[in-house]
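Okay, so here's the structure we're looking at.
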Amino acid sequence: MAETPTQMVCHGDDGGPRIHPCRRVQEALRAAGIEYDKVIAAHGSPIPFLRKGSRETLREATGDTKLPALKLSDGTVLTPSREIFSWIDRQR
70 MAETPTQMVC
80 HGDDGGPRIH
90 PCRRVQEALR
100 AAGIEYDKVI
110 AAHGSPIPFL
120 RKGSRETLRE
130 ATGDTKLPAL
140 KLSDGTVLTP
150 SREIFSWIDR
160 QR
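Rendered as structure tokens:
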């Protein structure tokens, strides 16, 4: 059995706007019955000079600063959300 993937999202999380990629990816994972661990990996604005803190921890974990990101048990990181949606579809 595969290990649980880790979904990295922004602080908007499930409470963000319905069109927000972080929320949409989580809803798609749940709808597909895929269990996942969640990490809120960034706070504040997606615009670098408006952010609170840095995304260096996210960069260390995924190699990038973009969210949402899904890290699979083999170390593969999927981003942007369209790649995550494609992976979810392939799991069905």
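Counted from 1, the sequence shown has number 76 at position 7 by our numbering; the numbering is strictly sequential.
Just so it is clear, CB atoms sit at the ideal spot from N, CA and C, and this is done for glycine as well.
Please read all numbers here as calculations on a predicted model, not as lab measurements.
Pairing L136 with H80, the inter-Cα distance amounts to about 10 Å. The Cβ atoms of R124 and A111 sit closer than 8 Å to each other.
Assignment of D106 by DSSP, reduced to helix, strand and coil, places it in the strand class. Contact between V108 and T75 holds, since their C-beta atoms are separated by about 6 Å, short of 8 Å.
R161 places its beta carbon less than 8 Å from that of A101. For A138, the enclosing beta strand (DSSP E) begins and ends at A138 to K140.
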